[in-house]
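So the sequences go chain by chain: A and B. For what it's worth, full-length UniProt numbering labels the leading residue of the first sequence as 1, then goes sequentially. For what it's worth, full-length UniProt numbering labels the leading residue of the second sequence as 1, then goes sequentially. Backbone N, C-alpha and C define an ideal beta-carbon position, used for all residues, glycine too. Just so you know, these numbers come straight off a predicted model, no measurement behind them. Report on the structure given below.
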Amino acid sequence: MSKDVIIRFEHVTKQYDGLVVLDDVSFEIERGKFYTLLGPSGCGKTTILRLIAGFIEPTKGTIYFNGKNINHVPANKRQVNTVFQDYALFPHLNVFENVAFGLRVKKMKYADIQEKVAEALRFVNLEGYEHREIREMSGGQRQRVAIARAIVNEPEVLLLDEPLSALDLKLRTEMQYELRELQRRLGITFIFVTHDQEEALAMSDQIFVLHKGKIQQSGTPKDIYDEPVNRFVADFIGESNILPGTMIADFLVEFAGKRFECVDQGFYPNEPVEVVIRPEDLEITTRDQGKLQVRVDSQLFRGVHYELCCYDQHGNEWLVHSTKKAEVGEEIGLYFEPEAIHVMRVSEAQEVSDGEGSDET
Amino acid sequence: MKRKVKWDNLYLIIMFVILYTPIFYLIYYSFNSGGTMHHFQGFTLEWYKEVFQDTRLLIIVLNTFVIALLASAISTILGVMGALAIYYVKKRRMKNLLLTLNNVLIVSPDVIIGASFLILFTIIGIQLGFTSVLLSHIAFSVPIVVLMVLPKLQEMSPTLIDAARDLGANQWNVLTKVILPFITPGIFAGFFMALTYSLDDFAVTFFVTGNGFSTLSVEIYSRARQGISLSINALSTLLFLFTVLLVVGYYFISQRSSRLYGMGGRK
Ligand SMILES: Nc1ncnc2c1ncn2[C@@H]1O[C@H](COP(=O)(O)OP(=O)(O)OP(=O)(O)O)[C@@H](O)[C@H]1O
Ligand SMILES: [Mg+2]
Chain A
1 MSKDVIIRFE HVTKQYDGLV VLDDVSFEIE RGKFYTLLGP SGCGKTTILR
51 LIAGFIEPTK GTIYFNGKNI NHVPANKRQV NTVFQDYALF PHLNVFENVA
101 FGLRVKKMKY ADIQEKVAEA LRFVNLEGYE HREIREMSGG QRQRVAIARA
151 IVNEPEVLLL DEPLSALDLK LRTEMQYELR ELQRRLGITF IFVTHDQEEA
201 LAMSDQIFVL HKGKIQQSGT PKDIYDEPVN RFVADFIGES NILPGTMIAD
251 FLVEFAGKRF ECVDQGFYPN EPVEVVIRPE DLEITTRDQG KLQVRVDSQL
301 FRGVHYELCC YDQHGNEWLV HSTKKAEVGE EIGLYFEPEA IHVMRVSEAQ
351 EVSDGEGSDE T
Chain B
1 MKRKVKWDNL YLIIMFVILY TPIFYLIYYS FNSGGTMHHF QGFTLEWYKE
51 VFQDTRLLII VLNTFVIALL ASAISTILGV MGALAIYYVK KRRMKNLLLT
101 LNNVLIVSPD VIIGASFLIL FTIIGIQLGF TSVLLSHIAF SVPIVVLMVL
151 PKLQEMSPTL IDAARDLGAN QWNVLTKVIL PFITPGIFAG FFMALTYSLD
201 DFAVTFFVTG NGFSTLSVEI YSRARQGISL SINALSTLLF LFTVLLVVGY
251 YFISQRSSRL YGMGGRK
C-alpha cells in the first residue's frame, strides 16, 4: 500500500472504573499530515492523545506505531511529544532550560543542546528569549515555548491538546496560521485537538469528529462540511437545517411536504431519512420563484450576512444566511440547488474511516 | 464599618501585649543587677557572662542544637518521602486515612507522645539519652514536615509530571528535576518548622531524657525549680532572640521562593 501509516488504533477501548470513555475506536494516522480531533467537551479527545503519548494504556485493543505494538511502551520511550492544554512549562526553569529539558535528560553535550535550543526557538520566533523566566512570558509566548520544547526532540508525531483555547481571538487566528505553517516546514505529523469547528476546518488535512467516545466521521474538512454523515456531525460542524424526510427513489427525496430532486442514491425505497441543508446554501427569492415558501420570523445582522429565522407552513424552522435583507413577517421563497440537499440515514455513524478505511487486520 | 476595624485592631494589640508581656518582662530583668525579678536596681551583663562561663550549660546548648539539626534534617528527608508516598496513593480513602493518621500525631498532646515513647523505649531496651531524644524528636517532626510539603505537591499540576515523562524523563529524573525543585519551598518550611519544634520541645524530651543527657528547655525547667537565678532569664533571652532570627530567616527564604514562582520581580 502506498499509504505511509505511522499510527494505527485497532479496536481501542478505554474504560475508567467501568466507565467507557473510548468505545472500540479504529483509525489510521498517516505520516506528515495535519490531523484534528474535533468534538464536544468530554468526548474523549484528550484520552486519545494520552493513549498515543503513553500516559495511559488501552483497556482493550492495540495501538501500533510504525507497525509495532506500543501498548506497553512507556511515555518516555516514545517518539512522540505533546503540547499540553495548560502548556505544563516548568515554573522553576527559564525558557532555555525548559526547551533543553528533553535534551538534558538524553545527556546530550552542552554545545549541541545550545545549538538545538537556539534553532527550536528560532522556529517559533522566540530568539533572544532564552533567559526569560516563564512567568515573564505572555500566553502566546508560553505556548510557543511549549511547542519549541516539544519539537526540539524531533518527534515523529506532535500532539497538541487545545493549545489555542486560552488565547484571545486575534492571537488565536494568528497562531492557527503559524501552526499550520510550522507543520509544513517541519513535515512531521501533527495531531491537534480542538472543540472549535472553525479552527478544525481551517487548519486540518483530516478531521476526526468524535462524540461519546466514538469516531462519528473522518475525512477532509470539505467532506465533513459538505457530507456530514449523521445528525450530530451536521449539527456540530456549522449551523444547519436538519429535517425528517423520506427517500422516495434514487435522486428524489420528500420533505416539508414536497418532493425535490437531489443527488443522493442507494437508499431503500421510501426509507425514512434526515435531510441537511446549510443556511448559506439557501437563497432568498420571491414567493413564487422559491422552491419553498416560508415566513420570516426574526432577523439578525451578523456582519458578513443576515441570519434569518423562518418557518414553513408545517412548522419546520429554517435558518437562512443571506446577504439580502428581508422584512420580518414577510412571506419569502427559498431557492436551493439539488446539490445543496444532503441526505443522511437516520443516526448513521461511520464505522471505518471514510471508505478508504483499514481493510487489513 | 470604620469603628469595627478599630475594634479589630484594638483586640489584636491587646492580644499581642498579653502574649509578649511575660517575655519582655523576663528579658527586662535579665539585665537587672539586683538579682531579683521585682526590683530593677541597675543595668548589668553579669548574668550573660555567667551563662557563657557555665560549661555544663554550653554543652547542653550544643546538645540541643545537635539534636535539633539532626532531627530536623532526618525528619525532613522522611517527611518528604512520606508526603510523596501519600501523594502517589491513588485511592482517595487510603489517602485520607494516611492524612488523618498524620494529623492526629500533630494534634495529640506532647505528654501522651512523650509517655508512649518512654514506654516504647523501655520495652525495646533503648537507653534513655541522646538516642532516645533524637528518635522521639524525629518522630514528632516527621508529621510536621509532611504537613508542610503535601500542599506544595498538591499545588503542582500533574501535567508537569506528564510533560517530563513525555520529554523522556524516567522516574528518577521526574523526581529530581521536576518534583523536588517544585516543592523546595515546602521542604524548607518543613525543615524550619521541625527545627523550631525540636529546639523548644519540653514535654516529650522531659519524658525520654536520662543518663545526664539534657536539652535546654529541660535544663531551664530544672534550674527554675531550684531557685531564681537571673542567668535563666539571660539564657531565655538568648533563646528568644535565636527563635526570632529563625523566623526572620524563614520569612526571607519564603519571600524569595514566592518571588521565584509568583508574579513580578526579575532576576
Ligand atoms: N483519570 C480519569 N478518571 C476517570 N474518568 C476520566 C479520567 N480522565 C478522563 N475521564 C473521563 O473521560 C471522558 C473523556 O475525557 P477527555 O479528557 O478525553 O475529554 P476531552 O474530549 O478531552 O474533553 P475536553 O474538551 O473537555 O478536554 C470524560 O467523561 C472524563 O470525565
Ligand atoms: Mg481535553
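| said: Counting only Cβ pairs nearer than 7 Å, list the residues of chain B close to V304 of chain A. | reply: Numbered from 1 along the first sequence, position 304 holds the residue referred to as residue 304 of chain A. Result: empty, since nearest Cβ-Cβ is about 38 Å, beyond 7 Å.
| Beta-carbon neighbours of P181 of chain B, restricted to chain A and to distances below 7 Å | For the purposes of this step, residue 181 of chain B is taken as residue 181 along the second sequence, with counting starting at 1. The answer, in chain order, is H92.
| message | Could you compute how far the alpha carbon of Y129 of chain A sits from the alpha carbon of R135 of chain A? | response | Here residue 129 of chain A is taken as the residue at index 129 of the first sequence, counted from 1. Here residue 135 of chain A is taken as the residue at index 135 of the first sequence, counted from 1. Approximately 12 Å between the Cα atoms of the pair.
| said: I need the straight-line Cα distance from F232 of chain A to F27 of chain A, nearest angstrom please. | reply: Position 232 of the first sequence, counting from 1, holds the residue named residue 232 of chain A. Position 27 of the first sequence, counting from 1, holds the residue named residue 27 of chain A. Each residue's alpha carbon lies about 19 Å from the other.
| query | Which value, in whole angstroms, describes the spacing of the CA atoms of Q216 of chain A and L167 of chain A? | reply | Mapped onto the first sequence, residue 216 of chain A falls at position 216. Mapped onto the first sequence, residue 167 of chain A falls at position 167. Between Q216 of chain A and L167 of chain A, the C-alpha separation is close to 28 Å.
| Beta-carbon proximity of A203 of chain B to G129 of chain B, cut-off 7 Å | Translated into the one-based positions of the second sequence, residue 203 of chain B becomes position 203. Translated into the one-based positions of the second sequence, residue 129 of chain B becomes position 129. Using a Cβ distance threshold of 7 Å, A203 of chain B and G129 of chain B do not count as a contacting pair.
| Option nearest Q171 of chain B by Cα separation, candidates B:T21, B:Y88, B:I23 and B:F121 | Indexing the second sequence from 1 puts residue 171 of chain B at position 171. Here the closest residue by C-alpha is B:Y88.
| query | Which full runs of the alpha helix (DSSP H) of 4+ residues lie inside the region 195–237 of chain A, going along the chain? | reply | 197–203, 221–226 and 231–236
| field | Closer than 7 Å to chain A by CB, A189 of chain B | value | Indexing the second sequence from 1 puts residue 189 of chain B at position 189. It does not; no Cβ of chain A falls within 7 Å.
| said: Below 8 Å on C-beta distance, what does A75 of chain A contact in chain B? | reply: For this step, residue 75 of chain A is matched to residue 75 along the first sequence. Ordered by position in chain B, the residues that pass the 8 Å Cβ test against A75 of chain A are D162, R165 and D166.
| task | Would you verify that the beta carbon of A85 of chain B is, or is not, closer than 7 Å to some beta carbon of chain A? | result | Within the second sequence, the letter at position 85 stands for residue 85 of chain B. No, no contact with chain A.
| task | Might you give, ordered along the chain, the residues of its own chain that have their beta carbon closer than 6 Å to the beta carbon of residue 299 of chain B, omitting 5 neighbours on each side? | result | Given a span of 1 to 267 for chain B in the structure shown, any question on residue 299 of chain B remains unanswerable.
| task | State yes or no: is the C-beta of M247 of chain A within less than 7 Å of the C-beta of F267 of chain A? | result | Against the first sequence, residue 247 of chain A aligns to sequence position 247. Against the first sequence, residue 267 of chain A aligns to sequence position 267. Yes, the pair counts as a contact, with Cβ atoms nearer than the cut-off.
| query | Which one of B:Q127, B:M156 and B:I106 has the shortest CA to CA distance from A139 of chain B? | reply | Indexing the second sequence from 1 puts residue 139 of chain B at position 139. A139 of chain B has its Cα closest to that of B:I106, out of B:Q127, B:M156 and B:I106.
| message | Can you give me the C-alpha to C-alpha distance between F240 of chain B and L160 of chain B, rounded to a whole angstrom? | response | The residue labelled residue 240 of chain B in the question sits at position 240 within the second sequence. The residue labelled residue 160 of chain B in the question sits at position 160 within the second sequence. Computed Cα separation, rounded: 42 Å.
| said: Just list the residues that DSSP pairs S322 of chain A with in beta bridges. | reply: Locating residue 322 of chain A in the first sequence gives position 322, counting from the first residue. When beta bridges are read from the DSSP output, S322 of chain A appears opposite A:Y306.
| request: At 7 Å on the CB atoms, spell out the chain B contacts of A53 of chain A, in chain order. | output: Start at 1 with the first residue of the first sequence, and residue 53 of chain A comes out as number 53. Simply D166.
| Going straight from the alpha carbon of T209 of chain B to that of L57 of chain B, what length do you get? | Locating residue 209 of chain B in the second sequence gives position 209, where the first residue counts as 1. Locating residue 57 of chain B in the second sequence gives position 57, where the first residue counts as 1. Here the C-alpha atom of T209 of chain B lies approximately 16 Å from the C-alpha atom of L57 of chain B.
| said: Taking 6 Å as the cut-off, is the C-beta of G42 of chain A nearer than that to any heavy atom in ligand 1? | reply: On the first sequence, position 42 is the one that residue 42 of chain A refers to. Within the cutoff, so yes.
| field | Nearest neighbour of I224 of chain A, chosen from A:Q289, A:G245, A:A202 and A:K212 [CA to CA] | value | Walking along the first sequence from the start, residue 224 of chain A turns up at place 224. I224 of chain A has its Cα closest to that of A:A202, out of A:Q289, A:G245, A:A202 and A:K212.
| task | Give me every residue whose Cβ sits closer than 7 Å to any heavy atom of ligand 2, in chain order. | result | A:K45, A:T46, A:Q85, A:D161, A:E162 and A:V193
| task | Could you list the residues in the region 49–71 of chain B with a C-beta less than 9 Å from some C-beta on chain A, going in chain order? | result | none
| message | Please list, in chain order, the chain E residues whose beta carbon lies closer than 7 Å to that of D86 of chain A. | response | Here the protein chains are A and B, and chain E is not one of them.
| task | Please classify Y16 of chain A: does DSSP put it in a helix, a strand, or coil? | result | Here the question's residue 16 of chain A lines up with position 16 in the first sequence. In the structure shown, Y16 of chain A sits in a strand (DSSP, three-state: E or B).
| query | Using a Cβ-Cβ distance under 7 Å, would N241 of chain A count as near chain B? | reply | Position 241 of the first sequence, counted from the start, is the residue given in the question as residue 241 of chain A. Answer no: the Cβ-Cβ gap between N241 of chain A and chain B never drops below 7 Å.
| request: To the nearest angstrom, report how far apart I63 of chain A and E254 of chain A are at their CA atoms. | output: Here the question's residue 63 of chain A lines up with position 63 in the first sequence. Here the question's residue 254 of chain A lines up with position 254 in the first sequence. Each residue's alpha carbon lies about 44 Å from the other.
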